Each structure stands twice: as C-alpha cells, then as structure tokens.
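Position 571 of the sequence shown, counting from 1, maps to 573 under the working numbering, and the rest follow consecutively.
Scroll down for the structure; my scribbles are underneath it.
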Amino acid sequence: MHKTREFHRQSIDDPDTFWRREAQRIHWETPFEQVLDYSNPPFARWFVGGRTNLCYNAIDRWLDTQADQPALIWVSTEVEQEIVYTRAELSREVNAAAAILKSLGVSRGDRVLIYLPMIPQAAFFMLASARIGAIHSVVFGGFAAHNLAQRIDGAQPKVVISTDAGSRGGKAIAYKPLLDQAMKQSKCAPEHVVIVDRGLIPYQAVAGRDLDYAQLRTRYLDVAVPVEWMESNDPSYVLYTSGTTGNPKGVQRDTGGYAVALCTSMDYIFGGKPGDVYFSASDIGWVVGHSYVIYGPLLNGQASVMYEGLPTRPDAAILWKIIEQYRVKALFCAPTAIRVLKKHDPALLTRHDLSCLDRIYLAGEPLDELTGRWISEALGKPVIDNYWQTETGWPILSAQPGVEEIELRFGSPSTPAYGFDVRVIDEVTGLDSGPNQKGVVAIQPPLPPGALSTIWDDDARFVHTYFESFPGRMLYSTFDWGLVDEDGYWYILGRTDDVINVAGHRLGTREIEESVNIHPAVAESAVVGVSDSTKGQVAMAFAVLRHPDDLLEAGASERLANEIKTIIEQRNGAVARPAQISFVNSLPKTRSGKVLRRAIVALCEGRDPGDLTTIEDPSALDQIRATL
Ligand code: AMP
C-alpha cells in the first residue's frame, strides 16, 4: 500500500499543489486565483475565482473528439426500450431542455425541482439546469407527497419537472397524483410543471400550470443555449438527505470542486478512461445517481448506462446482459442488489461474457463479507467496497486501483481516499483512537473538493450538525462507528445516530416516528432499524396507544397497523414501510426519558440488550420481546 499511502499523504500535506494539478482535468473558462480559501472554518472554498460549468465539461468539451460516440445509454426493462444517445445527441436534448427552462423564466441561481424516474429526461434536465446556472433539486421517485412537499418548500423551485408515472416490476407507479397532492400541501408551489408524458397512466393536466414536455421539446429542438459560466463556489445542486431530526437536510454542492473531484475519482478509484463505458445501477434520486450516473462518467468523457428496472427482471442475469451488450468496464451498485441475486440460479452469473468488466464497486451500506466474497468468486472479478455519504459526494474510503492495485480484504472498504484526512475518534475524550480501537469516523477539515459546501439556506445547521460532536476539536463527524486495523485497513461498524439504511436508502427513524404519531390513536412510538439478510436493515415500529382498550375489538391491531402503514407510505414512501408494527403499553426508556433504542434493536435481533441499569420500567422490554 506504499503508493496509495504516499499519494494520500501528499494530498493532505500539500493540498495546494495536489489539487492545483488535479484541477487541470477540467476546462476553466477563467482560471482560479486561489486553490483553497479556508479563512472561515469549517467552510472551504475551492478554486476561488475560477469560472467553469458542469454541463460544458460533461458535454461540450467532448464534442470535438467524441460527438458520435455513446454518451448516455438508456436501458429500460420496465417499458422494454433502449436508447443510445451519442454526445452530440445528448447535447441537442440538453440544449432543448435548457431552452425550455429559459422559456419558463428560469435563470442563474433559480432552482429546478426534478421528480422523475430513471428516464433520460432526468439527465437532460439536470444537465440543462447546470448549463444555465440553475440549481437542481432531484427528489427520489420512491418518496411520497409529504416528502416532496417538504423539498418543494425547502428549495422553492421556479419550475418542477415530473411525469405521469414510473414503473416497477412492470407495474405503473403514479407520480402525477403525488405531485398534485404535494403542490397543494406546499407553501411555495411554483407556477409551472413540465410533464414528461410516458403514457403509463391517464392524468388530468392542470390548466395553465402543467405543460407538455414533448410539445415544448419540438418547439425548442435545435436552439443552442449559451453556457453560463459559474464561479467555482456557486451552488450546482441541492440534494436532501435524512438525519436525526424529522427535517431533512439539503446538502449543497459547489461547481468547480465537484467537477474536479469527480474527474479524479473516475480515474483513480474507478479506473475509467475517456471512451470507457461505466454502469452505476443507482437511482438519480440518490447521491450515487448524481455523482456516478450523471456527472462523474460524463465529465470524464465516459459513457454512462442509465438503467430503469429491477436486477431480477426479466431474469437475474439482466445486469450481466447489459454489461456484455454495452462492453461495460466498471459496475457500481448497492450490496442489496447482489444479496438479491444470491437467491437465484448461480448459472445466471456465467451466462454472459463478462471479459470487458474490470471490477465491481459496492457502496451505500455495509457490505458483509459473505456477499462480497460470493460475487467476487462467482464472477472472478475484484469487488471494491467503498464507503461514503451524500455529504461527501464521492468515496471517503476505497481502494484506488488507478493509483495502485492493493490487496482487497472482504469486510473492509480499504483505506482513505486522497483528500480525506480521516480519523477514528474516541467519542468521550475526542482524541484519536489507536489501531483496532473502535471510535467515530471523523474528517479533519477542510473537507476536500466535491464535499458539501453547506446545508442549503442554513449555514448554522451545517456547523452545528457536523462539526460540534467532539470536545475541543472541530472535526466533521460521519456519525459512523469504525476502526482501523494494524495494517491500515478500515472497517465501518454501523451508525452512531438514529439513521437507518434500508437497501441502501438512508432513512431517519425520527421521520418515520412522526408519521406513526400522526395516527390519532397513537400516543408515542419508537422506530428502529433491525438487521435483515437481504435489505441490510428494515424498520420496525413499536407504538403506544392513547387508549389501550382500542385493541380489544376483534381485528383492531391489524386494522390499526394497516392504517399506520398507509400513513407512512403516503408521507415517507414505500421504502420506509416497517416490516412490523406492534403495540405495547410503554416504551423502554431511561429515567431521564430517552428511548433505549439500542436495547430494542438488540431484542429484535435476538441479542442480549446489554446494560439496563438506567431503565425506568424493565417490563417494557418484556412487552417488546413478546411481540417478536
Ligand atoms: P447515504 O448518504 O445515503 O449515501 O448514506 C451514507 C451512509 O451509508 C454512511 O454514513 C454509512 O452509514 C453507510 N455506508 C455507505 N457506504 C458504506 C460502506 N461501504 N460500508 C458501510 N457503510 C456504508
């Protein structure tokens, strides 16, 4: 690991030289004056004074050499369609989308909210927003009306882009009705909505508000929209992520730092070169979709596969079929997708010629050793576990084969990526932990280029949430437990807070509890994440009723549980639906009134609940045990 260590050391000891060199990977319309301005910690401003544009770097810059080569490869097994857009064709669509946005009055600094499934128009409008200097806020399609309304109010968009429906497992998933509800709930609903009509479900257009994308596209096709040159630190997008409060945080990304960081990662971490095909099977509603379906590959002159469909339909070889057909070099997905494949015929793993594929990258949730080993051995390919967060925008910990091929160890996302001064910190003393000592994974600021610059509209929350966890030290907390072994390999050991991870989707238990508590019969509730062999974790809910006698009626418990599930689905989306909702007379709490979540989780997972000396009422745990 000598080279990786040395490379990392240079990036930390002399960030100025390191990032000045790496910044040459992108086009700067105006060169930057300063690599890093860190005069106002913990706010880091990278490439100060430089002017650039994400869309220009993703598209225009490659038109001279790659106009006729694939740039965006869209495969949908949901509607059985495949479209390959060359860089020139992508440019045409993005310009049309940019012209549409401009015609609706969107200009520099305005927000555009994108609520779309995995269809090419999502890419067109993200890139179009970047082209004209607007800030996009993409909302995951699995979210429901309440989540969407919260995000509309947060970003206050000038325009929303949406569709009639998505599709999952061949069934239409309504978008338009949820959008209509969200627009009603929102305090800042925009004047215009552009609807991409896929013809999946009938819908009623709202007169004067809803505009048809196909008609607008015809009107604006072949209009060339000039690039808006942005200062490196101008925001490019906001992406909401769950935390420990019911109120999601808008992670704000800059422009120049993000472009530079992603280009480096495509090369050093993902081993990609211009012209290579890259396939990230993530949704654009998540950070992986932003960084590694859209921006990373395109900025680096690579083609990106965008996939709408399940990993198991029409059969569990679909990922491998796509890889063979499009000569994919690197696959990125979540461990859950691989755990799902494990349940299918192993012969499907060898049906396709995967000689084009160099490596598989897994991230978004802990990768258990068994799953990692299984897929690596079955395919004969290295599996790179990489660890990061919405906030950081690109991997914090990962093997970096573009720097050096190192020995991979199952269960470990290897070592810190260049630019991240990562530490394991003792929660109580705030001091660095020694080898094999568990602590909180933290980053010594300044955060590198590409990481969040602040929380949208809330600098104070940014500082307070991330940088005030340790006594006497200003360190960024990841809120993950971790340790480093004596050889320098890192291990991630779960969250320190109440955030859970269901199939790679990050959810705040607080948000789900708020939904449970909305039911008029509920007095209070606790929602916890419990290990699950396929999804990593699932939510389980325990509710205390205002009138416990409500349960005496025949079938009452099932009816109430279903009503609560419906509320959760409507507010938080289907991903948040608990595997079980149980009713108890009281929740296990400390004498100071804090719910003992760790004890509940332990019981649900069949483990010993540990030290219970502070518990108020031990019988509360017996009740939980009885429901399992
Ligand atoms: P998100 O912001 O949705 O990407 O979720 C980030 C969180 O997912 C991290 O803070 C970790 O808890 C978890 N996570 C992501 N990647 C990994 C990984 N490779 N190993 C373990 N946990 C991970």
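Idealized CB from N, CA, C, for every residue including glycine.
Only a predicted model underlies this, so the values are computations on that prediction, with no experimental measurement involved.
Taking the Cα of valine 225 as reference, the smallest distance to any Cα among Val253, Arg497, Leu103 and Tyr280 is reached at Leu103.
Boundaries of the beta strand (DSSP E) around proline 72: 72-78. Not a single heavy atom of the ligand AMP lies less than 7 Å from the C-beta of glycine 441. Taking the CA atoms as reference points, tyrosine 280 sits about 9 Å from phenylalanine 272. Residue state for threonine 392 is assigned as coil, using DSSP reduced to three classes. Of the candidates Pro403, Glu409, Trp30 and Val430, Pro403 places its Cα closest to the Cα of alanine 419.
Annotation: the region 257-326 contains the following complete segments of the beta strand (DSSP E) (minimum length 3 residues), in chain order: 279-282 and 305-310. Rounded to the nearest angstrom, the gap between the Cα atoms of arginine 113 and threonine 629 is 47 Å. DSSP links alanine 545 through a beta bridge to Ser527 and Phe585.
At the C-beta level, isoleucine 116 and isoleucine 61 stay beyond 8 Å of one another. Remark: the shortest separation between the CB of isoleucine 602 and any heavy atom of the ligand AMP does not fall under 7 Å.
Within 10 angstroms of the beta-carbon of isoleucine 154 lie 16 or more other beta-carbons, which makes it buried. In this structure, tryptophan 76 and methionine 232 do not form a Cβ contact; the two beta carbons are roughly 27 Å apart against a cut-off of 8 Å.
Taking every protein chain shown into account, the CB of leucine 92 has 16 or more other CB atoms within 10 angstroms, so this residue is buried.
As DSSP reads the structure, leucine 38 sits in a beta bridge with Trp48. Assignment of beta-bridge partners to serine 164 by DSSP yields Ile197. In the three-state scheme derived from DSSP, where H, G and I count as helix and E and B as strand, serine 535 is classed as coil. DSSP places glycine 144 in no beta strand (DSSP E); its state is neither H nor E. Within the chosen limit of 7 Å, the ligand AMP does not reach the beta carbon of threonine 498 with any heavy atom. Closest in C-alpha terms to proline 337, from the list Lys251, Ile514, Ser455 and Gln539, comes Gln539. When Glu488, Ala263, Glu230 and Val290 are compared, the shortest CA-CA separation from phenylalanine 422 is found for Ala263. Taking 7 Å as the cut-off, the C-beta of glycine 366 counts as close to a heavy atom of the ligand AMP. In this structure, DSSP gives methionine 3 a state outside helix and strand, which the three-state scheme calls coil. For the 8 Å CB-CB criterion, glutamate 371 and glycine 413 form a contact.
With contacts defined by Cβ atoms closer than 8 Å, glutamate 526 and leucine 598 do not form a contacting pair. Between glutamine 582 and aspartate 500, the alpha-carbon positions lie close to 18 Å from each other. For histidine 507, the enclosing beta strand (DSSP E) begins and ends at 507-510. Its chain contains Leu56, Ala132, Ile137, Arg255, Asp256, Thr257 and Tyr260 as the residues whose beta carbon lies nearer than 7 Å to that of serine 238, once the 5 sequence neighbours on both sides are disregarded; these appear in chain order. For phenylalanine 464, the three-state secondary structure derived from DSSP is helix. Classified as exposed, asparagine 438 has fewer than 16 neighbouring CB atoms from the shown chains inside 10 Å of its CB.
For glutamate 230, the CB contacts under 6 Å within the same chain, skipping 5 residues up- and downstream, are Arg110, Ile134 and Gly135 in chain order. Three or more beta-carbon pairs separated by less than 8 Å link the region 15-25 to the region 34-52, which places the two stretches in contact. For the pair of segments examined, the region 86-100 was found not to touch the region 283-292: the number of CB pairs separated by less than 8 Å stays below three.
Counting C-beta pairs with one atom in each stretch, the region 483-501 and the region 81-92 have fewer than three that are closer than 8 Å, which means they do not touch.
Closest option to proline 159, judged by alpha-carbon separation, among Thr616, Ile340 and Ser188: Ser188. Here leucine 553 is near phenylalanine 585, since their CB atoms are less than 8 Å apart.
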